[in-house]
Amino acid sequence: MMNILIILLGIILLFEALYHEKKKNRIPYLITKTTLSLLFVTTALLQPHSVPAYYHYLLIGLIFCLVGDVCLGLPQKKAFMGGLVAFLVGHVLYILSFSSLIPVSHWFSPGVFIIVVISALIFFWLRPYLKSMLIPVLLYIVVITIMASGAWAVFWKSPFQISGRALILAGALCFYISDLFVARHRFIKEEYQNRLLGLPLYYTGQFMLAFSVGFMR
């Protein structure tokens, strides 16, 4: 019942955030988005956690993503860099959380190769627009690629129940795809469609990862 209430509240907050973004209500948008991000941290806290290492790494990663959300909601360029660093650390912690479920030595597979190729194509798509941000964005793409590869390995190779593994893979891929819209908005074209598509993907991914804590059995 609690998880259902969390999902309903999350949907309401998401629609409210999209509304404020559409109307360019910056402060209400930032408040709503921050509240929604606090909710996915709270969601992880409320789940039973039978794999403590996974829970602790993921929880700290979610907190860093919360910080990143606040930074990306601010207009300053330094705030964007702060958000990029916060999400980078968050992804590193997600990588550690996945490595607690299956050793990194077991991550390699044809599926991981496909993820790497897609990430390379994304980088070459963005490269003409990056200018001074080329190195930070390249580093971020490398880390998020490793994160997505870890989620892929957890799904296909770890011994945990299918529901938890599916939440991890789907959540990580939603997060991965949502970053395309963040990059497009920041470097190519600022438009509402980036938020309309990116925010639901991002929050769906984060909540899936938060809920996965309770299904790792």
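So in our numbering, the last one in the sequence shown is 263, and the numbering has no gaps at all. Even for Gly, the Cβ is constructed at its ideal location relative to N, Cα and C.
Decide if residue i is buried, meaning its Cβ has at least 16 other Cβ atoms within 10 Å, or exposed.
| i | result |
| --- | --- |
| K38 | Since the first and last residues shown for the chain are 47 and 263, residue 38 lies out of range. |
| Y65 | exposed |
| A132 | buried |
| R263 | exposed |
| L60 | buried |
| T88 | exposed |
| R173 | exposed |
| V228 | buried |
| R230 | buried |
| M47 | exposed |
| L85 | buried |
| I208 | exposed |
| N240 | buried |
| L130 | buried |
Residue i: which of the options sits nearest, CA to CA?
| i | options | result |
| --- | --- | --- |
| V183 | I50, I168 and S195 | I168 |
| I109 | Y140, V150 and P156 | Y140 |
| F154 | L172, L51, S204 and A125 | S204 |
| A212 | F170, F159 and G260 | G260 |
| Y100 | L82, F126, P121 and L147 | L147 |
| P149 | Y249, S178, A197 and P156 | A197 |
| Y186 | P74, Y249 and Y222 | Y222 |
| I50 | Q93, V158, F159 and T81 | Q93 |
| I192 | S178, A166, K123 and M179 | A166 |
| K123 | M179, A63 and K235 | M179 |
Find out if the Cβ-Cβ distance for the pair residue i, residue j is shorter than 7 angstroms.
| i | j | result |
| --- | --- | --- |
| G251 | G217 | yes |
| Y175 | K68 | no |
| V200 | F253 | no |
| C117 | G128 | yes |
| G244 | S258 | no |
| S83 | L112 | yes |
| L105 | A125 | no |
| Y103 | L134 | no |
| S195 | I161 | yes |
| I190 | H137 | yes |
| G119 | L55 | no |
Three-state secondary structure (DSSP) at residue i?
| i | result |
| --- | --- |
| M47 | coil |
| Q239 | helix |
| R173 | helix |
| Y121 | It should be noted that the sequence gives Pro, not Tyr, for residue 121. In this structure, P121 counts as coil in the three-state DSSP scheme. |
| K203 | helix |
| Q252 | helix |
| H279 | With the chain covering 47 to 263 only, the question about residue 279 has no answer from this structure. |
| W198 | helix |
| I148 | coil |
| F154 | coil |
| K70 | coil |
| R230 | helix |
Would you say residue i lies against chain C (beta-carbon separation less than 7 angstroms)?
| i | result |
| --- | --- |
| A197 | The structure shown has no chain C; it contains just one protein chain. |
What is the C-beta distance between residue i and residue j, in whole angstroms, given that I count them as a contact (C-beta under 8 angstroms)?
| i | j | result |
| --- | --- | --- |
| I214 | L255 | 7 angstroms |
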